[in-house]
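Numbering (the numbering used here), first residue to last: -6 to 129.
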């Protein structure tokens, strides 16, 4: 039971890492056009704003997803003992959040391919850095 709770904590920490990395990269997106003042995410004009974004702005967001996924996988590999189960749970959870984001905001249809980023980059994040025991 203790290992299962620790695994959940590790998945939460990895998800926070993902959110911080993606949020940071999205906030410094050099290609995005600034959001007009007074534009609310619930307004119908949001679709026009999202459609006016250049391709490079969306590619930057996808880069953020890849870096965030890699970082989350790295954090997970550093702490979790059951890496396979934790990796699948993390990737599934982040993919589900990605689907909710795509339904919540009016993204271009092609941007749905961004859902294919999470699993491989989380996997790479858990595999490319050799695991070593941490001193507790």
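Even glycine gets a Cβ: it sits at the ideal position worked out from N, Cα and C.
On a predicted model such as this, the values are computed, not experimentally measured, just so you know.
Cβ shell of residue i (< 8 angstroms), same chain only, five flanking positions each side left out
i          : result
residue 88 : 108, 111, 112
residue 75 : -4, 0
Status (buried if at least 16 other CB within 10 Å, exposed otherwise) for residue i
i           : result
residue 4   : buried
residue 9   : exposed
residue 7   : buried
residue 106 : exposed
residue 68  : buried
residue 78  : exposed
residue 130 : A question about residue 130 goes unanswered here, because the residues of the chain that appear run from -6 up to 129.
residue 17  : exposed
residue 70  : buried
residue 97  : exposed
Rounded Cβ spacing between residue i and residue j (contact assumed at less than 8 angstroms)
i          : j          : result
residue 29 : residue 42 : 7 angstroms
residue 99 : residue 40 : 4 angstroms
Residues of its chain near residue i, where Cβ-Cβ distance is below 6 angstroms and the 5 sequence neighbours each way are ignored
i          : result
residue 82 : 4
Cutoff 7 angstroms; reference residue i; Cβ partners in own chain excluding five residues on either side
i          : result
residue 32 : 38, 39, 42
residue 59 : 110, 114
residue 55 : 107, 110
residue 15 : 57, 58, 61
residue -2 : none
residue 19 : 54, 57
Below-8 angstroms beta-carbon distance, residue i vs any chain C residue
i         : result
residue 0 : Among the chains of the structure shown, chain C does not appear; only one protein chain is present.
Quick one: any contact between the segment 90 to 98 and the segment 59 to 74, if contact means 3 or more CB pairs under 8 angstroms? no
Cβ contact check for the segment -1 to 15 and the segment 45 to 52: 3 or more pairs under 8 angstroms: no
Alpha helix (DSSP H) runs contained entirely in the segment 47 to 94, provided each spans 4 or more residues
48 to 72
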